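Q: The following block contains the structure, expressed as structure tokens.
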Amino acid sequence: MSFRFPTFVLALGVAALGAIITPVSAEDVTAGPLKISAAWARATPKGASIGGGYITITNTGSAPDRLIGGSTPISGRLEVHEMSMSNGVMKMRPVEGGLEIKPDKTVTLKPGGYHLMFVGLKHQLEPNQHFKATLNFEKAGKVDVDFTVAGIGAMGPGGASSSMGGMKMDGSVGSMDHGNMKK
Ligand SMILES: [Cu+2]
């Protein structure tokens, strides 16, 4: 029966992975034709004044909508940012006129791309914390979303804080972005 052993081990592994991921998955939120899922934020270093938040928005309707801003108790302001290359330097800035979500399209806010910026953090964001933010859409209006904090260099909602190589690389990208942030 030894041939069964690898399957058994694999099953255990999958079960363990499921156990880790499940508690940090935020619930999907529906607002009219918009579906908002995978709301997460990155843990922040002590003393950081800004933090990044990420969500996936699907527009199941027939008209475009726009994410124009929002608010959250964890920071003074909530801005919608985009990243762009300028003279070989990555910069971020508020999305002018809001982030459009076209009909039948899904827009994923993620590290290195569109993101929510919590400006003027009132406290450090630590892994597995939850916080609420109210997102403001042009048509769908105000939508409350629950964010889960993932590791400091996480690339996705299930990302844990770890000492793996990806974290260092990502941390340096993050600090570069913020250092070049134009205000
Ligand atoms: Cu930003």
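Residue numbers (our numbering): 47 to 229. Just so it is clear, CB atoms sit at the ideal spot from N, CA and C, and this is done for glycine as well. If you're wondering where the values come from, they're calculated on a predicted model, not measured in any experiment.
1. With a cut-off of 8 Å on the beta carbons, I'd call D111 and K185 a contact; round off their distance for me.
2. Taking the alpha-carbon positions, what's the G107 to K178 distance?
3. So within the segment 63–126, which uninterrupted beta strand (DSSP E) runs reach at least 3 residues, ignoring any that extend past its ends?
4. Quick one: residues in its chain with C-beta nearer than 7 Å to the C-beta of K92, no 5 flanking neighbours on either side, listed in chain order?
5. Please classify R123 as buried or exposed, where buried requires at least 16 other C-beta atoms within 10 Å of its C-beta.
6. Measuring CA to CA, which of H127, G202, L162, L113 is closest to G187?
7. Going by alpha carbons, who is nearest to E125 out of A109, G144, K137, S132?
8. Run through DSSP, which three-state label would I147 get?
A: Let me spell this out:
1. Residue 111 sits at position 65 when you count from the first residue of the sequence shown. Residue 185 sits at position 139 when you count from the first residue of the sequence shown. With a contact defined as Cβ atoms closer than 8 Å, D111 and K185 qualify at about 5 Å.
2. Sequence index remark: in the sequence shown, residue 107 carries index 61 (1-based). Sequence index remark: in the sequence shown, residue 178 carries index 132 (1-based). G107 and K178: Cα-Cα distance of roughly 25 Å.
3. 75–77, 80–88, 96–105, 111–117
4. The residue you call residue 92 lines up with position 46 of the sequence shown. Here the set comprises Q170.
5. Counting from 1 along the sequence shown, the entry for residue 123 is found at position 77. With fewer than 16 Cβ atoms within 10 Å of its Cβ, R123 is classed as exposed.
6. The residue labelled residue 187 in the question sits at position 141 within the sequence shown. When only C-alpha atoms are compared, the closest one is L113.
7. Numbered from 1 along the sequence shown, position 79 holds the residue referred to as residue 125. It is G144 whose Cα lies nearest to the Cα of E125.
8. On the sequence shown, residue 147 is found 101 positions in, with the first residue counted as 1. Looking at I147 - three-state DSSP - the assignment turns out to be strand.
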